[in-house]
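Position 61, counted from 1, in the sequence shown is what numbering that gives the first Met the number 0 calls 60; the numbers after and before it change by one each time, with no gaps.
We treat Cβ as the ideally placed atom computed from N, Cα and C, and that holds for glycine.
Everything below concerns the one structure shown next.
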Amino acid sequence: MTRSSLAAEEVVPMTMTRQGGDPMRALRGLEDGRASVRLRAALAVGSAPDPGFVDKLVERSAIEPEFFVRDMLTWALTRHPVSMTLPRLVREIRSQRPQARSQALHTLS
Numbered sequence: 000m001t002r003s004s005l006a007a008e009e010v011v012p013m014t015m016t017r018q019g020g021d022p023m024r025a026l027r028g029l030e031d032g033r034a035s036v037r038l039r040a041a042l043a044v045g046s047a048p049d050p051g052f053v054d055k056l057v058e059r060s061a062i063e064p065e066f067f068v069r070d071m072l073t074w075a076l077t078r079h080p081v082s083m084t085l086p087r088l089v090r091e092i093r094s095q096r097p098q099a100r101s102q103a104l105h106t107l108s
């Protein structure tokens, strides 16, 4: 990779609270077409837990195609209060989407 392509991918701050990052920017990063950006976004969201992130993390876990990004989404969910994540994950177990069920069970384990 060239220096310019690396800089173009550096769109999500690693820690939002200490560096004043934008949480909405990180949440948008979860939908980026590049797996590396989604991975960094999930890390950023998990590094600065916020109850407002839980729904988006669960939603992305259900459709994320890359294993390593899904694993980081799981980690990010575990950084949030159980009282916020458990009800949402239990609902996902009943989803029609196999990946949603699988990821919910993985996160709960």
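Nearest by alpha-carbon distance to residue i: which of the options is it?
i, options, result
"GLY45", "ASP21, LEU72, SER82, GLN98", "LEU72"
"ARG90", "GLU65, ALA40, TRP74, VAL53", "VAL53"
"PRO50", "SER82, ARG27, ASP70, PHE66", "SER82"
"GLU65", "GLN102, LEU107, ASP21, ARG27", "GLN102"
"PRO86", "VAL57, GLN95, GLU63, ALA75", "VAL57"
"ARG78", "ARG24, PRO97, LEU107", "LEU107"
Please work out which residues of its chain come closer than 6 Å, Cβ to Cβ, to residue i, disregarding the five sequence neighbours upstream and downstream, and give them in chain order.
i, result
"ARG37", "LEU29, ASP31, VAL68"
"ALA99", "ALA61, GLU91"
Counting along the chain, where does the alpha helix (DSSP H) carrying residue i start and finish?
i, result
"GLU91", "81 to 92"
"GLY28", "22 to 28"
"ARG69", "66 to 77"
"ALA47", "No alpha helix (DSSP H) contains ALA47, which DSSP labels as neither H nor E."
Once you ignore the five residues that flank residue i on each side, which residues in its own chain have a CB closer than 7 Å to its CB?
i, result
"LEU104", "ILE92"
"ARG17", "Note on ARG17: pLDDT 41, under 50, position unreliable in the model; the coordinate value appears next. Excluding positions up to five away in sequence, the list is empty."
Between residue i and residue j, which are expected to be in contact by the criterion C-beta below 8 Å, what is the C-beta distance as a whole number of angstroms?
i, j, result
"LYS55", "LEU26", "5 Å"
"ALA47", "PRO22", "7 Å"
Using a Cβ-Cβ cut-off of 8 Å (strictly less than) and excluding sequence neighbours within five positions of residue i, which residues of its own chain qualify?
i, result
"LEU88", "VAL57, LEU76, ALA103, THR106, LEU107"
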